[in-house]
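For the sequence shown, position 92 matches number 91 in numbering that gives the first Met the number 0, and the numbering has no gaps at all.
C-beta atoms are modelled at their ideal positions from N, C-alpha and C, and glycine is treated no differently.
Worksheet: the structure to be examined is printed underneath.
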Amino acid sequence: MSGKIQKTRGGRMKYEERPDGHMFIEKAQILWNKKLSPAYFKMGLKWSGSFHDAKPGQFVMLRIGDRIAPLLRRPFSIYKIMEDKKGMEILYRVVGECTGMLSEMREGESVDILGPLGNGFPLPKKGGKVFIVAGGIGVAPLVFFSSYLVGKKNFAASNIKVFLGARSKDDLLCRDDFLSLGIQVAVTTEDGSEGETCMITSPVEAALKITRPDIIYACGPSGMMKCLAGMAEDHGVACQISMESVMACGFGACLGCAVESKHENKYFHVCKDGPVFDSRDVRF
Ligand SMILES: Cc1cc2nc3c(=O)[nH]c(=O)nc-3n(C[C@H](O)[C@H](O)[C@H](O)COP(=O)(O)OP(=O)(O)OC[C@H]3O[C@@H](n4cnc5c(N)ncnc54)[C@H](O)[C@@H]3O)c2cc1C
Ligand code: FES
């Protein structure tokens, strides 16, 4: 990260990375915080700046208001950008302290937001066939990515096939987001409560035997991504994966989010070099 964190005249902390950039720390106002099921929520956030250059696959670091704990920000993928580009949505699963506190926040309250961070998904070639594979909450950045692709000229929804996997029906998210974009969706659950009863990698493997996509994009548990990386290699298909890791800073300062590279003694930092990687570069 090459910029500076500065205090503005209004007392807000602002991060400027580059003259045309929009990476910042701001207070964002909660527009809504909707419970989708006991563990999943969607939150709308708005602030005075703009998010017009945010790329699908990028993420934000959130810190809850002015409370002392939890001290560290937490990373969340950008799930949707609002039409006026002045706000965004996140989709989150309650797993611990911060997400628990977030789930109790109300409209009108505020959180600190730093972003957009990370690299984002590289685009497929024009008219290329794309497989998108989402496991659980890993679906969040892939909704933004799919709507971005469908909104582009020379890229039809029919070029995309989404594979959506979850542990059970209650963990199955965003199917309607894809369907409303005109994208075909294959669904699996581990307990058989919805769709096929298997891991999501099974229908991907079956589809790879029939159609060879130009590229696979994936986000989900590391076991799923490891399996996809192997399949992509076997079929000679490019594969881009969005990785998760524990993050303290989100911009390359703490070196806490290292993952091993396949290239001689090298480590990547998920926040700065990723979160999106070519699957051939990562050692699982
Ligand atoms: C680039 C990136 C993007 C992310 N995008 C999203 C997103 O869009 N939506 C979302 O819900 N989460 C996302 N995450 C994960 C999210 O950051 C964590 O769930 C969050 O930091 C947990 O904070 P906490 O304080 O609630 O839990 P903590 O108190 O920090 O952890 C509580 C427990 O949960 C475990 N835990 C932490 N993270 C996870 C996890 N992801 N799944 C299962 N167990 C976990 C911990 O190991 C610990 O045992 C993303 C992570 C990264 C790195
Ligand atoms: S989170 Fe600090 S270096 Fe990646």
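- In this structure, Lys265 has its beta carbon at no less than 7 Å from each heavy atom of ligand 2.
- For Ile24 and Gly95, the gap between their C-alpha atoms comes out near 23 Å.
- With fewer than three CB-CB distances shorter than 8 Å, the stretch 185-193 does not count as touching the stretch 209-220.
- Between ligand 1 and Gly222, a heavy atom-to-CB distance of less than 7 Å is absent.
- Distances from the CA of Ile63 to each of Leu71, Gly56, Gln57 were compared; the closest alpha carbon is that of Leu71.
- Bridge partners of Asp176 according to DSSP: none are assigned.
- Around the Cβ of Pro37, a 10 Å sphere holds fewer than 16 other Cβ atoms; the residue is exposed.
- For the alpha helix (DSSP H) assignment, the uninterrupted runs of no fewer than 4 residues enclosed by the stretch 80-128 are, from N- to C-terminal side, 96-102.
- Your pair Lys128 and Asn158 checks out as a contact, with CB atoms roughly 6 Å apart and the cut at 8 Å.
- Excluding residues up to 5 positions away in sequence, Gly117, Ser241, Met242 lie with their Cβ nearer than 6 Å to the Cβ of Pro274 in the same chain.
- In terms of Cβ geometry, Arg282 and Glu263 do not form a close pair [threshold 8 Å].
- In the DSSP assignment, Met224 falls within the unbroken alpha helix (DSSP H) covering 221-234.
- In the three-state scheme derived from DSSP, where H, G and I count as helix and E and B as strand, Arg279 is classed as helix.
- In the pairwise beta carbon analysis, the stretch 130-140 is classified as touching the stretch 168-187: at least three pairs are separated by under 8 Å.
- Contact check for Gly114 against Gly56 fails: the beta carbons are separated by 8 Å or more.
- The Cβ atoms of Cys256 and Met246 sit closer than 8 Å to each other.
- Less than 8 Å divides the Cβ of Tyr39 from the Cβ of Arg92.
- The nearest non-hydrogen atom of ligand 1 is less than 7 Å from the C-beta of Arg73.
- At least 8 Å separates the beta-carbon of Tyr216 from that of Phe143.
- With respect to Lys45, Gly86 sits close: the two C-beta atoms are nearer than 8 Å.
- For the pair Ser109 and Asp52, the Cα-to-Cα distance works out to about 23 Å.
- Contact between Asn32 and Met100 does not hold, since the beta-carbon distance rounds to 11 Å and is not under 8 Å.
- Distance from the CA atom of Phe177 to the CA atom of Gly137, rounded to whole angstroms, is 14 Å.
- The Cβ atoms of Leu61 and Tyr78 lie no closer than 8 Å to each other.
- Counting other Cβ atoms within 10 Å of its Cβ, Leu254 stays below 16 and is therefore classed as exposed.
- Per the CB criterion, closer than 7 Å to any heavy atom of ligand 2, the qualifying residues run in chain order as Met246, Ala247, Cys248, Gly249, Phe250, Gly251, Ala252, Cys253, Leu254, Gly255, Cys256, His268, Val269, Cys270, Lys271.
- Closer than 7 Å to some heavy atom of ligand 1: that describes the Cβ of Arg92.
- Where Phe143 is concerned, there is no enclosing beta strand (DSSP E), although the alpha helix (DSSP H) around it starts and stops at 139-149.
- Close CB contacts of Ser167 within its chain, under the 8 Å cut and outside five residues either way in sequence, are with Thr188, Glu189, Asp190, Ser192, Glu193 (chain order).
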